[in-house]
Structures are given as structure tokens and as C-alpha cells.
Amino acid sequence: MLGTGIFLFSRRIAFVRRNINMGRDIDLSDRKAERWKTMARVAIGQSKMVARPVAGILHICVYLGFVIINIEMLEIVLDGLLGTHRIFSSLGSVYNVLIAIFEILAFAVLVACVIFLIRRNVIALARFKSPEMGGWPSMDANIILVVEIVLMFAFLSMNATDAIAQSLDVDHYVKAGSFPISQFLVPMYSGLSEAGIVIAERGFWWLHIAGVISFLVYVPYSKHFHILLAFPNTYYSNLNKSGTLNNMASVKKEVDLMMDPTADPYATPPPPDNNAEPEAPLSFGVKDGTDLNWKQIMESYSCTECGRCTSVCPASMTGKLLSPRKIMMDSRDRVDEIGHNRDANDGVFKDDGKTLLGSYITEEELWACTSCQACVDACPINISPMGIILDMRRSLIMEDSKSPETITNMFNNIENNGAPWAFPAASRGDWIKDA
Amino acid sequence: MNTFKVPTMAEMIAEGKSPEVLFWVGCAGSFDDRAKRITKAIAQILHHANVSFAVLGAEESCTGDPAKRAGNEFLFQMQAATNIAVLNGYGIKKIVTGCPHCFNIMKNEYPELGGAYEVMHHSQFIATLISEGKITLADDHPFKGKRITFHDPCYLGRGNGEYEAPRSVIEALDAELVEMRRCKSKGLCCGAGGAQMFKEAEKGNKEINDQRTEDVLETSAAIVATGCPFCNTMMTDGVKSAEKSDTVNVQDIAEMIASAVSIVPE
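Top to bottom, those sequences are chains A and B.
Note that my numbering has the first sequence beginning at 1, numbered continuously upward.
Note that my numbering has the second sequence beginning at 1001, numbered continuously upward.
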């Protein structure tokens, strides 16, 4: 079972890894020290989560619980493989303290998950109810929470029945561990016979380990993938100020040529140089999933659909069609679709008549963005929905020349008289006269 | 108000002088009637503080920001190349501008294209002048004790992490600075950025500037201080449509400082 779990998990990871690599190249190999620090602060330290204290602190409980209870998973797996029982119990009092800590964390996770379920389904916070959250995304979130509750319950029940077995001097059950939380579950199971206790204990052990392995396989198919991808995603964070929008190198080359009086537009291009940098992409901006750069694809797979971006977006909050979260979800869904398409067609993408911009994301959404960067600031793992939005505008304008009429006028004005409005350039200094 | 002549770079160079700073006026500051008042206020402050400065006048051109944010990278880079040629031609080292969009793009996006300058937003420059004691405020200026809130421009605040300079300018006025519910890194956009200023808003159930005006009204501030000509327009319109123009005044921090110094007897 463990082997199957690891196989399925690895297969999905390989698929996503390949999909991320379908993206365009972007060099993020610089400033390594700063990158490690960002990852330590934002992913390991959860610094941006606490901007919303309730969700933030509950999330830290689940996060710590997940990370630390995994030490106990090691014991459970080893016991399963070696046929031992509580293999680490020889640690003595240290073991007791560890088990106590695991129990307290398990209880914290359980409580946090229950509160999360209530926030999503009973209180129904606005950010969990946007149109893009209908159907599968809401179900996905609930499945994860319920599974976590079941896992924690199984873990605590396993300890409770183990404690009973220990007190009954059942063979094989070493006297080890302290059970500050599961002691309260003991009355639930104390009516069982000795054999019943052993069956229950084994049952919870199996439920826990089978649950964990299934969860391992489920995670990379779901929004819960962030528990792994948050780390590389924050490592490769955009380290520039959020106001900075990249200058397109391919455009710079052409502008340099135009501005260079010695350039000969009719010159034969130099012979291809094998050491030269790869050719500039054939199209400007992002139209389909594979026009995204690999970091943007990684971001789309890292997104947890928490909706903090959408809840602070000025366009979303005033009823416009744009939702930054939807931009990330659409990007992921389209890249996933392209990946499956390739796999089904011997590794070559077969035109399916769809594009990310057009079939998933509409122009109206893109034109609602004010580029205020609130979504970038709000994301707990430094995703930039705005980057994708602006890259798509680049495709709209530079590939398809599609813009609202007023925007076209603005371009014309800048081109003709150096200002977004139709004022003559010569009158730019007129205010001086009355100063 | 004292009258004085604002010199252009061309005039300065002709006289064999080179100014300490270039005042980059920006398109709104040059052509929009409301924003021209902010431009004049900045010029007055620079003059008052004896800063040697000049403007480009007709040689200035759009930085390309609205084109770039709307997706037209070609037009942006053409504008940038032209402006950089002019700025480098004059050997400009330091730029002060009243527009956070010009500030951001020249500070962060021009260097890679060959235009590296020390770029300051006017709030930063004014804050420096105040801390150096180069600005003398009148004893009885009208902002003392006034309830003032500051609306962070996205490209000054979130975009470049500058939250303190404009606030320190307001505090220098002995005013009562009150913060909106959403402020600093959580500040809400006025609705004009990303080229929205030049188009109709997309369909929705509310205008963004009206939403932001609600934040302002919650503070019961008498003045909304701004640091961006576009925010100024949006907030002025928002206050107007909330029918609060009588009680809430929208002013750029430069205008406030200029009117606080202008009554100083020379």
C-alpha cells in the first residue's frame, strides 16, 4: 500500500513538474541568500498568514500539527514495515513528552479544521462564496478538512485504545506514551472486550495510515498541493518592488534597432550562433497556458484558493467580473488540460480550439484590473495574479490589437503628442506662464 | 503669493547653469487643470526652499506608464528611449516628480533601459526639505489641529513601500492625522491605476472611488490628503458624488504645504 501510494504520488508530481517546465523561461537563479530568507519568513514562518489573525493562527495550528505529527507517522510506518509496536518507545520519558505534544497538536488541528468547516459552510464567509468557488473547489476544500478531522480522530482513538490495552496488560502492548487528550476518549472504548480493544486499536492504526497515504496521493491533485509547493514558490518569489513591471527583452531588442541610426533594416541576419541565447518567444504576452513562464505555472499549482487576493481586489469588491483567484485557478486548469492533451497525443499538443485567454479568461476581466498590487500583497505565498493579467493585456494589444476604444485613443495620443490626452506637446510648459 | 519664473533645462543650459534637481511634471501635472495647481504648489515649495531646479517644458513626454500597464510595451519602450535620450543629454542626476506613476516607472523600470537617476516622489523631497529646516511654515497656517487622512497612492505605497514620507509632511503641519480602515500596505486603490483613468470602468455594482470615499467618510476627516494627481481626481469625484464637497476637502500634500508657507511674511 505504501509503495502504491508513493508510486501514484510520484507519477502526479512528475506530471506537474513537466507542466511547470512547459512554461517560458525566466531566470530566477540570482540573489540566493535573499531567496532562502524570503522562503524562511513567508513559507516556514507564515509571516503573511497572520495579516488575518483568526485564519492565520488557526492555519499555524494545522501547519505545525501537520509538520510535527509527521514524526509520529515515521514511527507508524516503521512499525508497519518491521512488525514492531511503538518502535520509538525505548526513548522513555522523551517518548512520553513527544506523544503528549502530538496529542495536543492533533487536538488543535481537529478544532481548527472544525472551525474552518464552520467558516466555509455555516458562516459562509464572502471570500469562499465567489462564483469560481462553486462545485469542485468548495468540495475539494471540504474533503481536505473532513479527511484531516478523520485522521486526527483516528490518531487520538488509536492512542486511547492503546492506553486501554496497556492497562489490561495485553501482550505486545508496551507501556509507553502519555495521553493528555486521548484519555478523554477512553470511556468511549472501555466497554470493549480485550479482543475488541485490540481490533479497535489495529483498526484506527490502519485507518490512520491508509488515510495518510490516500491523502498523500490526493494532495497534488488538489488545492492542498500548497503544502509542498509553497516552499519553492516563495523561494522563487519576485524580489523586486511590487510596483515594478518587467521590461520585455524581445521588445527592447526591436526598439534598440529602431533607435540605432546605424542599423540596416535590410541587412541579412547573422548566421545562427549555437552559443547565442535562445530565440525570443514567437508571440508577445500570454495567450495560452504555455505562454506563461514556469514561475507563473508554479504559482497556479501552488494556489490554495484562499481568496485573500479577491477579497482585497478593488475590482472584485465593486462587483466587476475580475477575480484574481479565478485567474490563478483558470491558469492551472488550462495548463493541466494542455498537459493531459500532450500525454494523450504522444507528447505533442494537439490543437483543441481553446486558449487560456478567450476560453477561460475574458477581456472584460483583464480590463477591470487597476494594477494596484493589492492581490500581490495579500497572497500568503507571494503569488502575483496581477503579473498574469498584465501579460495577457500584452497579448491582447501586441498580438491582437484589441483594446477598448478609449485605450486606443490614449495610445494614439501618446504616440502623436506625448501625452495620454489630446493636448499639443508644445503646450506642455504653458502652466509655467501663470506660476 | 510671490511670482517667480520656473526655468526650463534648455534655458538653464543656455545660461551655463545646471540645476540640482529636475522637476518632472508629468502629463496630468502639465495638462489637467486641477493637477496644474499641484504642479504650481510643488514649484512654489522648491522656490521657497531655494532649491535649484528646472523643468523640461515642451521637451518632456509621457513616461509610457499608461501604455505599458495597458499592454503596449512597444509604445512604452519608445517613450522611455526618447525620454532617456533627453534626460541623459542634459546629464540629469536627480529627479523629483509629483506623480507616483512617473516616479515608479522612472525609478524601477528606466534603469534597465539606460536611464538611471535618483528619483524622488515630491512627498519624499518635501519631507527631506522639512527635516533639513528649509521650509518655514506660518505660525497661523490653516491646518493646525485639522483632522486629515492620507490616501496612499498604490505606486508610492504598496508599489515602493513609501508610507512614512507623506505622513511626516502632514504631521509637520501639526494636524491630527487619522488613518482609514484600509491604509498603508492595505490601502484601497482610487480606481485610476493600470490605465483605468483613460477608459470607462468595467461593469460592476459600484465605482471604486465611491468605495474609497466611504473609507474616507468613516474617519470624519476634514481633508483627504493625496500624493497623486489621478487619486486627487478620483477622490474629488468620489466626495462630490457622496455630496460631501462642503465638509471634505481633497488636497495634495504639496498644496497644503504651499498654502502653509505662502502666508509667511518675507
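No residue lacks a Cβ here, since even glycine has one placed at the ideal position from N, Cα and C.
Keep in mind it's a predicted model, so treat the numbers as computed, not measured.
Point to revise | Within 7 Å, strictly: CB atoms of residue 368 of chain A and residue 1202 of chain B | key: yes
Practice item. Taking only the alpha-carbon atoms, compute the straight-line gap between residue 1012 of chain B and residue 26 of chain A and give it to the nearest angstrom. Key: Computed Cα separation, rounded: 44 Å.
Exercise for review: Round the Cβ separation of residue 342 of chain A and residue 289 of chain A to the nearest angstrom and send it over; I've been treating them as touching at under 8 Å.
Suggested key: Wrong, their Cβ atoms sit about 11 Å apart, outside the cutoff.
Review point. Does the distance from the C-beta atom of residue 223 of chain A to that of residue 148 of chain A stay below 7 Å?
Key: no
Point to revise | Nearest to residue 1056 of chain B (by Cα), restricted to the options B/1010, B/1131 and B/1261 | key: B/1010
Practice item. Starting from the C-beta of residue 117 of chain A, find all residues in its chain whose C-beta is less than 6 Å away, skip the five residues before and the five after it, and write them out in chain order. Key: 145
Review point. Nearest-angstrom Cα distance between residue 394 of chain A and residue 403 of chain A?
Key: 10 Å
Point to revise | Contact set between the region 1029-1043 of chain B and chain A, restricted to residues whose Cβ is under 7 Å from the partner | key: 1030, 1031, 1036, 1039, 1040 and 1043
Check your understanding: Does the beta carbon of residue 1208 of chain B sit closer than 7 Å to a beta carbon anywhere in chain A?
Key -> yes
Exercise for review: Give the residues of chain B in contact with residue 319 of chain A, contact being defined as C-beta atoms less than 7 Å apart.
Suggested key: Residues of chain B with a Cβ closer than 7 Å to the Cβ of residue 319 of chain A are, in chain order, 1204, 1205 and 1206.
Point to revise | Nearest to residue 1192 of chain B (by Cα), restricted to the options B/1137, B/1222, B/1101 and B/1072 | key: B/1101
Review point. When the cut-off is 7 Å and only beta carbons count, does residue 1181 of chain B lie next to chain A?
Key: It does not; no Cβ of chain A falls within 7 Å.
Review point. Going by other Cβ atoms of all chains shown within 10 Å of its Cβ, with 16 needed for buried, is residue 427 of chain A buried or exposed?
Key: So residue 427 of chain A counts as exposed.
Practice item. Would you list the one or two residues that DSSP bridges to residue 1226 of chain B? Key: B/1252
Review point. Using the beta-carbon of each residue, which ones in chain A are nearer than 7 Å to residue 1078 of chain B?
Key: 255
Exercise for review: In the DSSP assignment, find the unbroken alpha helix (DSSP H) run with residue 367 of chain A in it and report its ends.
Suggested key: 363-367
Check your understanding: Going along chain A, which residues have a C-beta under 9 Å from residue 1008 of chain B?
Key -> 429 and 432
Exercise for review: Flag residue 38 of chain A as yes if its beta-carbon sits less than 7 Å from any beta-carbon of chain B, otherwise no.
Suggested key: no
Review point. Rounded to whole angstroms, how far is the Cβ of residue 431 of chain A from the Cβ of residue 1061 of chain B, which I believe are closer than 8 Å?
Key: At roughly 16 Å, the Cβ-Cβ gap does not stay under 8 Å, so residue 431 of chain A and residue 1061 of chain B are not in contact.
Point to revise | chain B contacts made by the region 283-305 of chain A, where a contact means CB separation under 8 Å | key: Against chain B - using a Cβ distance shorter than 8 Å - the residues of the region 283-305 of chain A are 284 and 285.
Check your understanding: Based on Cα-Cα distance, which residue from A/171, A/284, A/133 and A/237 lies nearest to residue 251 of chain A?
Key -> A/284
**Study point:** Contacts of residue 174 of chain A in chain B (Cβ-Cβ under 8 Å)
**Key:** What residue 174 of chain A touches in chain B: nothing, since even the nearest Cβ is about 54 Å away.
**Study point:** Boundaries of the beta strand (DSSP E) in which residue 1148 of chain B is found, first to last residue
**Key:** 1147-1150
Practice item. Could you name the residues of the same chain whose beta carbon sits closer than 7 Å to that of residue 1258 of chain B, not counting the 5 residues immediately before and after it, in chain order? Key: 1041, 1044 and 1045
Review point. Tell me, which residues are paired with residue 1094 of chain B by DSSP?
Key: B/1118
Practice item. May I ask you to report which of helix, strand or coil DSSP gives residue 408 of chain A? Key: helix
Check your understanding: Who are the neighbours of residue 1049 of chain B on chain A, taking C-beta pairs under 8 Å?
Key -> Simply none; closest approach about 16 Å.
Practice item. Pull up the CB-CB distance for residue 1098 of chain B and residue 1254 of chain B, whole angstroms please, since I reckon it's below 8 Å. Key: 6 Å
Check your understanding: Just reading off the alpha helix (DSSP H) that residue 390 of chain A is part of, what are its end residues?
Key -> 385-398
**Study point:** As assigned by DSSP and simplified to three states, the class of residue 263 of chain A
**Key:** coil
**Study point:** Of the residues A/263, A/245 and A/244, the one placed nearest residue 253 of chain A, counting alpha carbons only
**Key:** A/263
**Study point:** Contact set between residue 1188 of chain B and chain A, taken where Cβ atoms lie within less than 7 Å
**Key:** 314
Practice item. Report yes or no: is there a C-beta of chain B within less than 7 Å of the C-beta of residue 372 of chain A? Key: yes
Exercise for review: Between the Cα of residue 260 of chain A and those of B/1234, B/1033 and B/1078, spot the shortest distance and give me the residue it belongs to.
Suggested key: B/1078
**Study point:** Which of helix, strand or coil DSSP assigns to residue 1195 of chain B
**Key:** coil
Review point. What residues from the region 397-426 of chain A come within 8 Å of chain B, judged by C-beta to C-beta, listed N to C?
Key: 397, 398, 403, 404, 406, 407, 409, 410, 411, 414, 415, 418, 419, 420, 421, 423, 425 and 426
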